[in-house]
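Per the working numbering, the very first residue in the sequence shown carries number 65; after that it's consecutive.
Glycine included, every Cβ here is placed at the ideal spot set by N, Cα and C.
For reference, the structure is listed below as structure tokens.
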Amino acid sequence: MRYFVGTDPPRPLRILVVDDHLMFADSLVRLLQLETDFDVLEPCVNATEALQLLETSLPDLALVDFNLPDSDGVQLTRDLLARAPEMRVIMLTGLSDELVMLRAIEAGASGFLTKDRAATDLTDSLRLVARGDPLITPEVFARVLARLPRHRTPPVSALSDREREVLQLMAEGLTTRAMAEHLFLSVNTVRNYSQAVLTKLGAHSKLEAVALAVRSGIIDPPSS
């Protein structure tokens, strides 16, 4: 399934790769350029280049390596989203360091990829995130959330019962379509509820919204 940004007329998904391993970055860019619905920008080798690029281009999605020579992927995620809140950020990292993943989620990352991901799986994963769904398995997400300290504080803006229900399904790892089927609602209606949740919690991604909700005691963490 192809994904085109919902502009008028629709345009390809604009993607930025940030990785200081130039051989890997170039090969990834060449792979993504084979997709007709992707518009892949020149790769950046450090955080400084990535932030400078935002002055002239606005990516829809950024693939960010955790280890960068002048920063780390978590800080760059935070800096990118401060300048472009609508952007989706995927962290390129291993899936073994749950504390790193938690930091990335709290910075607003929408998901995680390992560098050995198969080509077809990779491109489908980017389209998934572009549609607003998180990129993490429910099992890994549950383990990451289990590391969160809990502080029962009132939310900035109270969630409705339906928004809380959608938030709980986010925590369980359901995609937008799966939530729609579970709730007997349209996909667009679920998207609207999801966006309302993110807005009320001040989150950039569904993963961040769930982390904020678990930390503040709005919902219980999913079982691993």
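Worksheet item: Grouping DSSP H, G and I as helix and E and B as strand, with all else coil, what is residue 176?
Response: Assigned with DSSP and collapsed to three states, residue 176 falls in strand.
Fill in: Assigned exposure category for residue 165 - 16 Cβ within 10 Å defines buried
Residue 165 should be labelled buried.
Worksheet item: Okay, do the region 130-142 and the region 94-110 touch, 3+ Cβ pairs below 8 Å being the bar?
Response: yes
Item to complete: Would you mind working out which of 91, 100, 209, 263 sits nearest residue 281, comparing C-alpha positions?
Response: 209
Item to complete: Please state whether DSSP places residue 118 in a helix, a strand or coil.
Response: Three-state DSSP puts residue 118 in coil, outside helix and strand.
Worksheet item: Using a C-beta cutoff of 8 Å, does residue 286 count as contacting chain C?
Response: Any reference to chain C falls outside this structure, which holds one protein chain only.
Worksheet item: Under a Cβ-count criterion, where at least 16 other Cβ atoms within 10 Å of its own Cβ denotes burial, should residue 83 be classed as buried or exposed?
Response: buried
Worksheet item: Between the C-alpha atoms of residue 114 and residue 265, what's the straight-line distance to the nearest angstrom?
Response: Cα to Cα, the separation comes out at about 27 Å.
Discussion item. What does the Cβ neighbour count give for residue 258, buried or exposed, with the cut at 16 atoms within 10 Å?
Written reply: Classified as buried, residue 258 has 16 or more neighbouring CB atoms from the shown chains inside 10 Å of its CB.
Worksheet entry | residue 153 versus residue 76: straight-line alpha-carbon distance, rounded | 17 Å
Worksheet item: Within 10 angstroms of its Cβ, does residue 129 collect 16 or more other Cβ (buried), or is it exposed?
Response: buried
Fill in: Within 8 Å, strictly: CB atoms of residue 269 and residue 173
yes
Worksheet item: By the 10 Å Cβ neighbour count, where 16 or more other Cβ atoms means buried, how is residue 201 classified, buried or exposed?
Response: exposed
Discussion item. Nearest by alpha-carbon distance to residue 141: which of 227, 251, 196, 81 is it?
Written reply: Ranking the options by Cα distance to residue 141, first place goes to 81.
Worksheet item: Can you round the beta-carbon distance between residue 199 and residue 193 to whole angstroms, since I take them to be within the 8 Å contact cut?
Response: 5 Å
Discussion item. Mapping the DSSP letters down to three states, classify residue 222 as helix, strand or coil.
Written reply: coil
Discussion item. Taking 8 Å as the threshold (C-beta atoms), are residue 197 and residue 240 in contact?
Written reply: yes
Practice prompt. State the DSSP-derived secondary structure class of residue 255, mapped to helix, strand or coil.
Written response: helix
Item to complete: Tell me whether the beta-carbon of residue 105 lies closer than 8 Å to the beta-carbon of residue 121.
Response: Closer than 8 Å, so yes.
Item to complete: For residue 79, I'd like the list of residues in its chain whose CB is within less than 8 Å of its CB, leaving aside the five on either flank, ordered along the chain.
Response: 96, 102, 103, 104, 105, 123, 124, 125, 126, 127, 190
Worksheet item: Apart from the five residues just before and just after residue 287, which ones in its own chain have a Cβ nearer than 8 Å to its Cβ?
Response: 206
Discussion item. From the DSSP secondary-structure annotation, give me the bridge partner or partners of residue 131.
Written reply: BP columns for residue 131 point to 136.
Worksheet item: Can the beta-carbon of residue 275 be found closer than 8 Å to that of residue 203?
Response: no
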